[in-house]
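**Student:**
Numbering (this note's numbering), first residue to last: 444 to 617.
(1) Please name the residue in 608, 483, 470 whose C-alpha comes closest to that of residue 513.
(2) Going along the chain, which residues of its own chain have a beta-carbon closer than 8 Å to the beta-carbon of residue 584, five neighbours each way excluded?
(3) Please classify residue 601 as buried or exposed, where buried requires at least 16 neighbouring CB atoms within 10 angstroms.
(4) Shorter than 8 Å, the distance from the beta carbon of residue 595 to the closest heavy atom of the ligand FAD, or not?
(5) Let me know if residue 540 comes out buried or exposed under the rule of 16 or more other beta-carbons within 10 Å of its beta-carbon.
(6) For residue 571, which of 492, 501, 457 has the nearest alpha-carbon?
(7) Considering only the alpha carbon of each residue, which of 484, 467, 591, 525 lies closest to residue 536?
(8) Just to confirm before moving on: does the CB-CB distance between residue 590 and residue 476 stay below 9 Å?
(9) How would you label residue 619, buried or exposed, when you count the other beta carbons within 10 angstroms and need 16 or more for buried?
(10) Whole angstroms is fine: what's the gap from residue 588's alpha carbon to residue 491's?
(11) What residue does the alpha helix (DSSP H) around residue 538 start on, and which one ends it?
(12) Whose CA, out of 586, 553, 554, lies closest to the CA of residue 569?
(13) For residue 446, which three-state DSSP category applies?
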């Protein structure tokens, strides 16, 4: 992509099991990073299971995001068939959720369905729900690294680095 072209808009859905820990954090972190870099990315999140539909994120997810200056405002929902047509990327937090997504995906979906970690170290994001705050901090670090990896992959290293330098020069933390 040449420097004179405007970056193309991209829609991303981040997915975990219940949509109260990993995926809303991934949504918030990716949206924050895209906004910081002034990239046209729209992010949502959902769960493969409907356990928490309508709930707000786990308080530890909110606390971790707030600690890092990342706004979070989400209401849990379950993945729907239409998501495979409406999003460019559907990113699973772990292999079990990836398998569930691949099982329910329609034939020839618009969305590229992948492990979120495929935009980093290829690792799954462990579910921090039954653990303590260190698990949520690890989740945040992975979400940030994978968000940066995704943005570099979609927009190219050159655009990412130029936008990042611009944001750092202006002190854009949002």
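All residues carry an ideal CB built from backbone N, CA and C; glycine is no exception.
**Tutor:** The answer reads as follows:
(1) Here residue 513 refers to the residue found at position 70 of the chain shown. Among 608, 483, 470, the Cα nearest to that of residue 513 belongs to 470.
(2) Working through the chain shown from its first residue, we reach residue 584 at position 141. In the same chain as residue 584, and ignoring 5 residues on each side of it, no C-beta atom comes closer than 8 Å to its own.
(3) One-based indexing of the chain shown puts residue 601 at position 158. With fewer than 16 other Cβ atoms within 10 Å, it is exposed.
(4) Absence of the ligand FAD is noted for the structure shown, with no ligands found whatsoever.
(5) Numbered from its first residue, the chain shown carries residue 540 at position 97. Buried: at least 16 other Cβ atoms inside 10 Å.
(6) Against the chain shown, residue 571 aligns to sequence position 128. Its Cα nearest to that of residue 571, the residue 501 stands out among 492, 501, 457.
(7) The sequence position of residue 536 within the chain shown is 93, counting from 1. Nearest C-alpha to residue 536: 467.
(8) Position 147 of the chain shown, counting from 1, holds the residue named residue 590. Position 33 of the chain shown, counting from 1, holds the residue named residue 476. Taking the C-beta atoms as reference points, residue 476 is found nearer than 9 Å to residue 590.
(9) Because the chain is modelled from 444 through 617, residue 619 falls outside the range shown and cannot be assessed.
(10) Locating residue 588 in the chain shown gives position 145, counting from the first residue. Locating residue 491 in the chain shown gives position 48, counting from the first residue. Their backbone Cα atoms lie some 23 Å apart in a straight line.
(11) Taking the first residue of the chain shown as 1, we reach residue 538 at position 95. Its alpha helix (DSSP H) spans residues 538-547.
(12) Sequence index remark: in the chain shown, residue 569 carries index 126 (1-based). Of the candidates 586, 553, 554, the one whose C-alpha sits nearest the C-alpha of residue 569 is 586.
(13) The residue labelled residue 446 in the question sits at position 3 within the chain shown. Low per-residue confidence applies at residue 446: pLDDT is 48, beneath 50, and the placement is therefore not dependable, though the value from the model is reported in the following sentence. In this structure, residue 446 counts as coil in the three-state DSSP scheme.
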